[in-house]
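Heads up, the sequence shown is in the working numbering, so the first residue is 253 and it goes up one at a time.
All C-beta atoms, glycine included, are put in the ideal place defined by N, C-alpha and C.
Predicted model only: the values in this text are computed from it and were never measured.
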Amino acid sequence: MSISPRLFQSVCIAITFFFAGNTFAQNYPNKPIRIIVPFGTGGPDSLARMLGAQLTLQMGQSFIIDNKPGANGILGAEALSKAAPDGYTLMITSSGFAASVGMYKKLPYDTEKDILPVTNLVENPGVFVVVNPSLGVKNLQELIDLARKPNSQLSFGSPGIGNSLHLSGEFFNAKAGTSIWHIPYKGAGPAVASLLAGETQVMFSTPPAVMAQIKAGKLIALSYSDTRRHAQMPEVPTASEAGLGAFTHHGGWFGMFAPANTPLGVLNRLHQEVRAAFANPQFRERLEILGADPVGNSPADFKIFVGTEIKRYVEMIRLAKIQPE
Numbered sequence: 253m254s255i256s257p258r259l260f261q262s263v264c265i266a267i268t269f270f271f272a273g274n275t276f277a278q279n280y281p282n283k284p285i286r287i288i289v290p291f292g293t294g295g296p297d298s299l300a301r302m303l304g305a306q307l308t309l310q311m312g313q314s315f316i317i318d319n320k321p322g323a324n325g326i327l328g329a330e331a332l333s334k335a336a337p338d339g340y341t342l343m344i345t346s347s348g349f350a351a352s353v354g355m356y357k358k359l360p361y362d363t364e365k366d367i368l369p370v371t372n373l374v375e376n377p378g379v380f381v382v383v384n385p386s387l388g389v390k391n392l393q394e395l396i397d398l399a400r401k402p403n404s405q406l407s408f409g410s411p412g413i414g415n416s417l418h419l420s421g422e423f424f425n426a427k428a429g430t431s432i433w434h435i436p437y438k439g440a441g442p443a444v445a446s447l448l449a450g451e452t453q454v455m456f457s458t459p460p461a462v463m464a465q466i467k468a469g470k471l472i473a474l475s476y477s478d479t480r481r482h483a484q485m486p487e488v489p490t491a492s493e494a495g496l497g498a499f500t501h502h503g504g505w506f507g508m509f510a511p512a513n514t515p516l517g518v519l520n521r522l523h524q525e526v527r528a529a530f531a532n533p534q535f536r537e538r539l540e541i542l543g544a545d546p547v548g549n550s551p552a553d554f555k556i557f558v559g560t561e562i563k564r565y566v567e568m569i570r571l572a573k574i575q576p577e
């Protein structure tokens, strides 16, 4: 059986790239790695800095956090999509990455073709409904009653339009029969700061962004949207226990991504190092104190998960009657 010159050339090129990719992965990393965080300080920034410090210890190269807030994470994701696919530019972002597909008519990148999922870092099984103590409400029903008053001017802050926490707030309005006004900020940190300052009165937040403030008594948690109470906040009732079972829903996630065409060997190496970090008892404890549940699934499994999440958020946006921009 003869082999055509063109086929032979294609096979040789494929073999060359295979071995080149493996060699590259074996030598990776040999210089600092940049992690884009498409938000300001606070929230996912805290997770990125914790993980970056741990990976620096494990891999012997610095992981540098590059905050690129704006447009609900789209600016950071666009920067990632244009970066060299060599494993030296990564992104840690929230589930708002999936929600953006349903929130915007056109994105400056293709979520499937331009960006690769590496691993789901942590999940937040639920969302806290938190208020500023000055509001004077002590439980979820009191908040609902106050928000239903004709002259109510309550507002809730979120990390940005289309963010999963913005959607949680609109979902709450739909299920509670309220009209709490949404005010978007450039990240979880500014949204929490606004709540602490009394500029907004309510926030629907993942645990890591508000756990310290709740424990310090600076914010009051009225309910948690998971089916079970939060392990770090067992005194806070679930949404069902608080009288609004219809608000029970998932709280979102934070994942690691890379530019398209990043070598599979590099993706697998990063996944293995994240798993090793999660296996470290001290690091895992720090995550759990933040209120985050470590995941660390494979690139293939995370890709399937992200696709499912995109469909879920598109449906959630439709139910909330939010028009794509």
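Separation of the CB atoms of residue 472 and residue 385 is rounded to 6 Å, and the pair is thereby assigned contact status at 8 Å.
Per DSSP, residue 481 lies in no beta strand (DSSP E) and is assigned neither H nor E.
With three or more CB-CB distances shorter than 8 Å, the segment 447 to 461 counts as touching the segment 407 to 422. For the 7 Å CB-CB criterion, residue 474 and residue 406 do not form a contact.
One alpha carbon belongs to residue 397, the other to residue 433, and they sit about 15 Å apart.
Beta-bridge pairing by DSSP links residue 338 to no other residue. The segment 340 to 425 contains, as complete beta strand (DSSP E) runs of 3+ residues, the segments 341 to 346, 367 to 375, 380 to 383 and 407 to 410 (chain order).
DSSP places residue 523 within a helical segment (H, G or I) once states are collapsed to three. When DSSP reads this structure, residue 510 sits in a beta bridge with 368. Residue 292 counts as buried, since no fewer than 16 other beta carbons sit within 10 angstroms of its beta carbon. A residue is called buried when at least 16 other Cβ atoms come within 10 angstroms of its Cβ; residue 534 does not meet this threshold and is exposed.
Around the beta carbon of residue 543, 16 or more other beta carbons lie within 10 angstroms, which makes this residue buried. Going by C-alpha positions, residue 452 is about 6 Å away from residue 446.
Per the C-alpha coordinates, the member of 532, 526, 577 and 506 positioned closest to residue 298 is 506. The count of Cβ pairs closer than 8 Å, one atom from the segment 370 to 380 and one from the segment 537 to 551, reaches three, so the stretches are in contact.
Taking every protein chain shown into account, the CB of residue 345 has 16 or more other CB atoms within 10 angstroms, so this residue is buried. Burial check for residue 429: the Cβ neighbour count within 10 Å stays below 16, so the residue is exposed.
Look at residue 462 here: in three-state DSSP terms it is helix.
At a Cβ-Cβ threshold of 7 Å, residue 324 and residue 435 do not count as neighbours. At the C-beta level, residue 287 and residue 315 come within 7 Å of one another. Leaving aside the five residues that flank residue 510 on each side, the residues in its chain whose CB is nearer than 6 Å to its CB run, in chain order, 342, 368 and 370. In the DSSP annotation of this structure, the continuous segment of the alpha helix (DSSP H) that includes residue 554 starts and ends at 551 to 571.
Cβ contact annotation for residue 356 (same chain, cutoff 8 Å, sequence separation greater than five): 326, 414, 576 and 577, in chain order.
With contacts defined as CB atoms closer than 7 Å, residue 461 and residue 444 qualify as a contacting pair.
If you draw a 10 Å sphere on the C-beta of residue 513, you find fewer than 16 other C-beta atoms in it, and that means exposed. According to the DSSP assignment, residue 436 belongs to the beta strand (DSSP E) that extends over 433 to 436.
Judged by DSSP secondary structure, residue 454 falls within the beta strand (DSSP E) whose first and last residues are 454 to 457.
If you check the CB distance, residue 329 and residue 562 do not come in under 7 Å. Rounded to whole angstroms, the separation of the alpha carbons of residue 529 and residue 545 is 13 Å.
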